[in-house]
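So the structure is just underneath, and the comments pick up after that.
Number of protein chains: 2
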Amino acid sequence: MDALGALGDPTRRAIFELLAARPRAVGELANELPVSRPAVSQHLKVLKQVSLVTDSAAGTRRLYRVDPRGVHALRDYLDQLWDNALTAYAAAVEREEE
Amino acid sequence: MDALGALGDPTRRAIFELLAARPRAVGELANELPVSRPAVSQHLKVLKQVSLVTDSAAGTRRLYRVDPRGVHALRDYLDQLWDNALTAYAAAVEREEE
DNA sequence: CCATTTGGTAAGTCGACACGAACGGTAAGC
DNA sequence: GCTTACCGTTCGTGTCGACTTACCAAATGG
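So the sequence lines, in the order shown, correspond to chains F and A. Residue numbers are given in our numbering: position 97 of the first sequence equals residue 97, and the series is strictly consecutive. Residue numbers are given in our numbering: position 79 of the second sequence equals residue 179, and the series is strictly consecutive.
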């Protein structure tokens, strides 16, 4: 599973968006989502594998936050993809007008 | 299924990347991928639903190309998400240093 | 017209994965 | 040390969707 595939799941995307607002613990995330805490834990595990989030112990709780490394990598890849896509479209329009 | 969910699938992403290089017909796409032609057709149907590609008849063939509308929408959404994520991370670091 | 090429669709199978229940493990508070 | 709170993991289950096979429709060219 890569980063884009991870964000493809609606629940994981919701978790990531919550963490994009501010760091939270697992229980807090589960409270704001219609899934159980273990489910949140599993999604966090996946997001961690693809370097989109990091965790740190804080007493009995565990704080999860966005990982800028994965964010930058994914953003760079997508920027390239958007550029290719729009360039190809412009080129196709150009051909059409001949 | 939304746009991000659509690109979450590896095969669909491969199809989109091929179309991001240049417009192609269904058969051409299937030839360059390890899946059958009907599978490609089904993926194109999904990509079309989320406004990531458009199609146009060309004789007996059908040309698929990137749809700039969906690309712009998805890019804008993600840019916002990246901005939130990195801003929240910077704010967390700021707090940490106090 | 008829054969060929190209695609979309329907039906069915199979694997992946999202989820909850149950259990164990670790840190704080009295 | 015992309880409580919070979290990760494992297991089993159910469901969704990606894929192939087979069939059908439309456009081209002889």
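Where a beta carbon is used, it is the ideal one built from N, C-alpha and C, also for glycine.
If you ignore the 5 residues before and after A/L119, its C-beta comes within less than 7 Å of the C-beta of V153, Y164, R165, V166, all in its own chain and listed in chain order. Sequence-distant partners of A/L174 (beyond 5 residues in either direction) whose C-beta falls short of 6 Å from its own C-beta, in its chain, are A103. A direct Cα-to-Cα measurement between A/Q180 and A/T187 gives close to 10 Å.
In this structure, the straight-line span from the alpha carbon of A/Q142 to that of A/R195 is close to 49 Å. Identification of chain A residues near F/R62 by a Cβ-Cβ cut-off of 7 Å yields none; the smallest Cβ-Cβ distance measures about 15 Å. By the C-beta criterion, the stretch 46–61 of chain F is judged not to be in contact with the stretch 133–140 of chain A, since fewer than 3 inter-stretch pairs fall below 8 Å.
Taken atom to atom, the span from the alpha-carbon of F/R61 to that of F/A25 is near 6 Å. Among the residues of the stretch 68–90 of chain F, those with a Cβ less than 7 Å away from any Cβ of chain A are P68, V71, R75, L78, L81, W82, N84, A85, L86, A88, Y89, in the order of the chain.
Put simply, of A/L178, A/Y189, A/A185, A/A114 the residue whose alpha carbon is nearest the alpha carbon of A/L147 is A/A114. Put simply, the CB of F/A92 is near chain A, with a gap under 7 Å to one of its CB atoms.
Nearest Cα to A/V193 within the set F/L78, F/P68, F/A85, F/Y77: F/P68. Inclusion of A/W182 and F/V71 in the CB contact set at 7 Å is warranted, their separation being smaller than that value. Of the residues F/R22, F/P38, F/E28, the one whose Cα lies closest to the Cα of A/A191 is F/R22. Going by beta carbons, A/G105 and F/G5 fall outside the 7 Å limit.
When 7 Å is used as the limit between beta carbons, F/L4 is near these residues of chain A: L107, G108, R113, in chain order. Per DSSP, reduced to three states, the secondary structure at F/S41 is helical.
For A/V166, the closest Cβ of chain F is nearer than 7 Å. Interface annotation, F/P23: in contact with chain A, CB-CB separation under 7 Å. With a threshold of 16 other beta carbon atoms within 10 Å, A/Y189 meets it and is buried.
In terms of beta-carbon proximity, A/A120 lines the interface with chain F, with at least one pair separated by less than 7 Å.
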